[in-house]
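Below is one structure; the comments refer to it alone.
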Amino acid sequence: MSGPAYARSRTRFYVQGGGVLAGGKTVGSFSTQFFALDLTKPWSVYSPTWIELSSEGPSATQHNSVISLDGKHILASGTMSTFGFLYNIENDTWVPSTVIVPEPSRPGIMPVQNMDTGLVYFAGGYGGMTDTTMPIYNFTTDSLMP
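Yeah, the sequence shown ends on 205 if you go by the working numbering, and it's all consecutive.
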């Protein structure tokens with residue numbers, strides 16, 4: 060796999076999507092697979108305790124993810140036709156974010172979360188992107204701040 064999104068909570072390490080590599084290039088369609096590694100239990104490096112989660116999420120590679128401060132949701136975004144997808148950890152379900160942006164596919168964009176407010180700042184990106192703004196995402200309202 061190449062370019063999956065990953066995020067870490069206090070108890071789990073999440074990995075979602077990615078592309079299949081063959082000959083050093085991504086081939087075929089992107090994966091929607093989604094797994095979590097339970098960090099609360101000891102495991103052997105030869106047999107880690109991966110948990111398979113809902114694969115109804117985004118089919119993407121070179122995207123990113125970030126967890127809400129309350130630990131209830133994950134936002135995956137970056138290289139999709141929409142701003143992103145929200146994963147509900149309790150219900151094991153994905154829904155598209157309601158956020159609409161002029162240029163949703165921003166490969167290489169990186170989220171940084173303010174641990175006091177929970178706001179997520181997105182910076183960077185590459186691949187012909189002309190937007191130099193820094194969107195600020197609010198998990199509580201599923202919206203971007205002006």
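In this text, a Cβ means the ideal position worked out from N, Cα and C, and glycines have one as well.
Out of the options, point me to the one whose CA is closest to residue i's CA.
{"i": "LEU98", "options": "THR70, ASN173, ILE195, VAL179", "result": "THR70"}
{"i": "VAL67", "options": "THR191, GLY183, GLN172", "result": "Per the sequence shown, the amino acid found at residue 67 is Arg instead of Val. It is GLN172."}
{"i": "THR141", "options": "GLY62, LYS131, SER156, LEU134", "result": "SER156"}
{"i": "MET174", "options": "GLY130, ILE148, MET60, SER114", "result": "GLY130"}
{"i": "LYS84", "options": "ALA95, SER61, PHE144", "result": "SER61"}
{"i": "ASN147", "options": "SER114, PRO170, TYR196", "result": "SER114"}
{"i": "PRO117", "options": "PRO166, ASN197, VAL154", "result": "VAL154"}
Under a Cβ-count criterion, where at least 16 other Cβ atoms within 10 Å of its own Cβ denotes burial, should residue i be classed as buried or exposed?
{"i": "MET204", "result": "exposed"}
{"i": "SER136", "result": "buried"}
{"i": "ALA81", "result": "exposed"}
{"i": "VAL86", "result": "exposed"}
{"i": "THR176", "result": "exposed"}
{"i": "THR120", "result": "buried"}
{"i": "THR138", "result": "buried"}
From residue i to residue j, what distance separates their C-alpha atoms?
{"i": "PRO101", "j": "THR191", "result": "43 Å"}
{"i": "MET193", "j": "GLY183", "result": "8 Å"}
{"i": "THR89", "j": "GLU111", "result": "Sequence check: residue 89 is Phe here, not Thr. The straight-line gap from Cα to Cα measures roughly 17 Å."}
{"i": "ILE168", "j": "ILE195", "result": "12 Å"}
{"i": "GLY143", "j": "LEU134", "result": "7 Å"}
{"i": "PHE94", "j": "TYR65", "result": "10 Å"}
{"i": "PRO170", "j": "SER103", "result": "31 Å"}
So is the beta-carbon of residue i under 8 Å away from any non-hydrogen atom of the ligand MN?
{"i": "SER113", "result": "As for the ligand MN, it is missing from this structure, which has no ligand bound."}
**Prompt:** Does the stretch 96–108 come close enough to the stretch 145–161 to have 3 or more Cβ pairs within less than 8 Å?
**Reply:** Flag = no, the stretch 96–108 and the stretch 145–161 do not touch.
**Item:** Cβ pair count under 8 Å reaching 3, the stretch 64–84 against the stretch 112–125
**Value:** The answer is yes - the stretch 112–125 touches the stretch 64–84, with three or more Cβ pairs under 8 Å.
**Request:** Just list the beta strand (DSSP E) runs in the stretch 140–205, keeping only unbroken ones of 3 residues or longer that don't cross its boundaries, in chain order.
**Result:** Annotation: the stretch 140–205 contains the following complete segments of the beta strand (DSSP E) (minimum length 3 residues), in chain order: 143–147, 152–155, 168–172, 179–183, 195–197, 202–204.
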